[in-house]
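To start, the structure itself, in C-alpha cells.
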Amino acid sequence: MGSIFRGKFALFLKIAILAGTTAILTLLAQSAFASGESAIGAFLVFAIAILNFTYFTKFSIPLKFFVPGILFFVAFVIAPIVFTVVMSAFNYQTGNYISKEASIEQVLILGVEPDANQTTFDLVSGKTADGKFAILVSDITNQKFFVSTKDSLTTLEVSKLTINEYGVATTAPGFTELSADVLASDTSYSDIRYMYENGYYIKIEGQGVGAVFRQKIAYDAASDTMKNVITGEIYKNNGRGNYALVGSPQEVLTPGWRTPIWFENYTKLVTDSRVRTPLIKVFIWTVVFASLTVLSTFAFGLLLAIALNRKMRGRRIYRSILILPYAMPSIMSILIWAGMFDSEFGAINNILHTHIAWFSSASFARGAVLLVNLWLGFPYFYLICSGSLQAIPSELLEAAAIDGANPRQVFRRITLPLLLQILSPLLIASFAYNFNNFNLIYLLTGGGPRNTLDGEIAGATDILISYTYQIAFGRNIHDFGLASAISVIIFLLVASISFYGLRKSKVMETFG
Amino acid sequence: MCIFSLFPLYLVVLSSFKTGGSLQLSSFMPKEISLENYKMLFSSPKIPFLAWVKNSIVIASAVAISSVVIGAASAFAFSRLKFKGKKFGIQLLLLVQMFPAVLALSAVYVIMERVYSFAPSIGLGSQTGLILVYLGGSMGVNIWLLKGFVDSIPAELDEAAKIDGASPVQTYWLIFIPLATPVLAVVCLLSFIGTFNEFIVARLFLVEMEGRTVAVGLQQFIGGQYASNWGAFAAGSILASIPIVIIFLSLQRYIVNGLTAGSVKG
C-alpha cells in the first residue's frame, strides 16, 4: 500500500493533478485580466505560484497540508471581509454602481437631445458599395433623399431612385439593402450614429424609422468636467461619484460611479436621522430578541433536563420527541410556522378561534418570532443541560442535602451557579448566534411589519443582519456601501462578544 | 411540552395527506388520506421537485466531500505538526469564522458578479459558483470542528510512525486517514446537513427555477400564493426533511459533542 504514496505512480499523479489545476487557473487568470478584473487575476496568479512552489519544493511541509485550505479561505472568507471593509468606504449603491469609465460612457450616451421639431425619417438599412453600414433616408416633407454612413452624407438625385407608394426610397445606386434576417441577428448597425447636417445625427429608432439627435453633453478629460455644449453649462466632478452642475450641486448627471467617500457611511449612521433612528430601533430589538431567546430557550431546556434527569419510564422516547424540532431542517420548520401563523388559513387562529393578523402588528409579530425561536432553540439547551447536569458531582448535592438544604436551595445555590459557570461560553455563543439569526427573521416575518409606503426599510421584527440585507438587496435601493459599514460594526460587536466568551471558557489558552 | 414540540410536525404530516391547501387543523384525526399532494410534487411541471432535490444533493455532497478532504489536511497540520505561526493561525481562524457569512454577502455577490463577467460557468448564477462559495465559507468552521476531533485521536500511533522514519505526508495518508475515517465521515455528514439547510446564499445565487435547491424552491412556491400550496409544501418538506432527520438522530452523540466544542447548528 505504501507504494502508492512513494514511487513513480505517486509522482505522476501529483504532476498530473498540479498540471491540470495550473492549466485551469491559468485560463481563468487570462480571461480575468482580459476583462479588466486585475485583482481576481492577480489572486489566481498568486494561487498558481504558491501551489507549484509548495508541491515541487521541500520548502515547508506544513504548507503542503495547508495550501488548498488557505487558498479557499482567502478567496471566499478573507477577501469578502476585506472587500466589505473597502466597500464601506465607498458610495457603492444604486446609481453609483459602475466604474468611472463606464459612467462617463453612459452619461455621453444619455446626453443627447432630439432636434426642436423632433424630426423622424423613413429609412432603409443597408450597406454602401465599400461595405459600410449605411441608411437610405427619405426626407419626404422636403423631397430630399440621401445615403448616410457614420462619417459621410451623400445627397441623391430623385431620378436615380426607386420610390414606393408611400414616397419612400427603397433602392439607390451603390446601396444594398440588408435582409430582415441580417438586421435581426446583428444589432450593431442600430447603435451607429449616422451623419446628418448641422452637428445632428440620425439614430435608428425602430424598423425603417430614424430620429434626429445631437450630442448635448461633451466630456473634457483634461479638466474632468462635463459640458453642455448647447447652453454652456459646466458639470464638475463633485468628488462623490457624480458630475454636478456648477452653482447647483443638487443637479447631477446620471448614472454616477463608485468612488471613495471614506467615513461618510459611518458618520451617516450617527448624524443622519433617517439612518440613525431605524438603526437604533433595530439594534434595541436585536439585543432584546437575542437576550430573550437565550433566556427562554435556556430556562425551558434546563427545566426539561431537570425533569427528565431522574429515572422514569419512556425517558428515551421523550428525549427523542423533544429533540425532533432540532433535527428538522430549520428552514422547513420556520416556513411551517409561518404558515401556521397565517391570519386566514393558519392553524393558530383556527385553534384559538381568533382572527389575529399576526404579522401585521408589531407586538404580535415579535411575540410570534420569540415563540418560534423558543420552539427551535430549546432542544439545544435541553441536550446540553442534561449532559452538564450529569457532570456535576453528586457528592456536592448530597453534602448540601445532608446539611439540611431543601431541593430548591440546592438548585439555586449549587446546581444553577455551577451550570452557569460551565455553560456561560455556550450562552454567549448562543447570544451571538441569535444576534445574527437571519433565516428565522427573513423566512418568518421578512422583518415586517414595515410601512413600505413611507419608504421604511426597517421593519418591526428586523434585526441588524436582516436590516443590513434589506439595505443591500432590498426592493428599491441597493446601498452596498452603507450595508457594508453596518456589517463591519456588527462584526466588531459579535467578535468582541464571542472573544469575551472564549476568554472566559479559556479555549484560547489551550492552543499549544 | 411534548405537544408543543410535536404539534407543528403533526400538523404538517396531516396537511400533506389532505386535499385542501391550508395548514389548518380541522380535526386531530385525519378524515381522509390522500396522496394528491405527493403526486403533485412528482408530476406538476410547475414544481420541479425532483430537480430541486437533485440540486440540493449534488451541491451539498460536493461541498461536504471537498470541504472534508481539504479541511482534514489543515486540521491534521494544526493538530499534529509544529510550525511557526501556528497559534496565530488558529486564532485568526477562530476570529474569522465568527464573521457571519450573511454580513459579507454583498461582497461575495459583487465578487461573483465580476467572476461572472469573465467566467460565467463559475460566477453568479451557476451551481459551481455556489459550491465554491459554500466551500470557502465552510472552511473555517470545518477546520475548527475537525481539529477538535483530530485532537481526540491518540497521538501515540503517529508518533510511533514518526520514530520509524515516516515523513509527515506518509503519516497522514497511512496512519492518520485510516484512523480518522469515521470522524471524517461524521463531519462530512454534518457539513452536508449544514449545506442542505442553507438558504440565503442559494436564494441570491440560483435564479432559474430548475436550478434551485429544495430550500429555495419550496420557500419560493409558498411565498407567492399563500395558502394555496401548503399541502404540496408540507409533502415536499416532509420528503426533504426525512433523510436529514435520520442523519441527525443517528449522529446525535457527535453533534452534541460538536455543540459543546462551541459551534452552533445553523
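Going line by line, the protein sequences match chains A and B.
Following this note's numbering, the numbering of the first sequence begins with 9 at its first residue and continues without gaps.
Following this note's numbering, the numbering of the second sequence begins with 11 at its first residue and continues without gaps.
Quick reminder that beta carbons are idealized off the backbone N, C-alpha and C, glycines included.
- Of the candidates V145(A), E259(A) and T239(A), the residue whose Cα lies closest to the Cα of N246(A) is E259(A).
- Rounded to the nearest whole angstrom, the CA to CA distance from E185(A) to G175(A) is 17 Å.
- Of all residues in the segment 107-128 of chain B, those with a C-beta nearer than 9 Å to a C-beta of chain A are Q107, M108, F109, P110, A111, V112, L113, A114, L115, S116, A117, V118, Y119, V120, I121, R124, V125, S127 and F128, reading in chain order.
- The Cβ neighbour count for K66(A), taken over all protein chains shown within 10 Å, is under 16; the residue is labelled exposed.
- When the five nearest sequence neighbours on each side are left out, the beta carbons in the same chain lying within less than 8 Å of the beta carbon of V290(A) are those of A466, D470, I471, L472 and Y475, in order along the chain.
- As DSSP reads the structure, Q223(A) sits in a beta bridge with V120(A).
- Between L448(A) and I392(A) the beta-carbon gap is near 20 Å, outside 8 Å, which marks them as no contact.
- If one requires a minimum length of 3 residues, no beta strand (DSSP E) run lies completely within the segment 340-388 of chain A.
- Of all residues in the segment 51-80 of chain B, only I80 come within less than 8 Å of chain A when Cβ atoms are compared, listed by chain position.
- Considering only beta carbons, the part of the segment 83-96 of chain B lying closer than 7 Å to chain A consists of A83, S84, F86, A87, L91 and F93, in chain order.
- A Cβ of chain B is located within less than 8 Å of the beta carbon of N444(A).
- According to the DSSP assignment, F64(A) belongs to no beta strand (DSSP E) but to the alpha helix (DSSP H) extending over S46 to F64.
- Distance between V190(A) and F141(A), taken at the CA atoms: about 12 Å.
- Inter-segment contact for the segment 181-201 of chain B and the segment 216-223 of chain B is absent: fewer than three beta-carbon pairs are separated by less than 8 Å.
- Rounded to the nearest angstrom, the Cβ distance from L316(A) to Y326(A) is 6 Å, consistent with a contact under 8 Å.
- Runs of the beta strand (DSSP E) lying entirely within the segment 79-144 of chain A, each at least 3 residues long, are 120-122 and 128-136 in chain order.
- In this structure, F209(B) sits near V226(B), with a CB-CB distance shorter than 8 Å.
- Here A192(A) carries a helix assignment [DSSP, helix/strand/coil].
- Cβ neighbours of I80(B) within its own chain (closer than 8 Å, five residues either side excluded): L145 and M149.
- Separation of the CB atoms of G216(A) and L131(A) is rounded to 6 Å, and the pair is thereby assigned contact status at 8 Å.
- In this structure I57(B) touches A242(B) by the C-beta definition: roughly 7 Å separates them, less than 8 Å.
- By the beta-carbon neighbour count (other beta carbons within 10 angstroms, threshold 16), F52(B) is exposed.
- With its beta carbon less than 8 Å from one in chain B, E45(A) belongs to the interface.
- Of all residues in the segment 349-368 of chain A, only D350, E352, F353, G354, A355, N358 and I359 come within less than 8 Å of chain B when Cβ atoms are compared, listed by chain position.
- In chain order, F154 place their CB closer than 6 Å to the CB of T163(A), counting only its own chain and leaving out the 5 sequence neighbours on each side.
- Around I473(A), the beta-carbon contacts reaching into chain B at under 8 Å are P110, V112 and L113.
- A distance below 7 Å between beta-carbons, with the five flanking residues on each side excluded, links V120(A) to the following residues of its chain, in chain order: F221, R222, Q223 and K224.
- Straight-line measurement puts the Cα of W240(B) at about 51 Å from the Cα of A27(A).
- Counting along the chain, the unbroken beta strand (DSSP E) around N245(A) starts and ends at I242 to N245.
- Judged by DSSP in its simplified three-state form, F153(A) adopts strand.
- One Cα belongs to V151(B), the other to P110(B), and the distance between them is close to 11 Å.
- Contacts between W345(A) and chain B, judged by CB atoms closer than 8 Å, involve P18 in chain order.
- Following the DSSP letters along the chain, one finds S76(B) inside the alpha helix (DSSP H) bounded by residues F59 to R90.
- Interface flag for M320(A) against chain B is unset, since no Cβ pair is found closer than 8 Å.
- For Q101(B), the uninterrupted alpha helix (DSSP H) segment begins and ends at K96 to V106.
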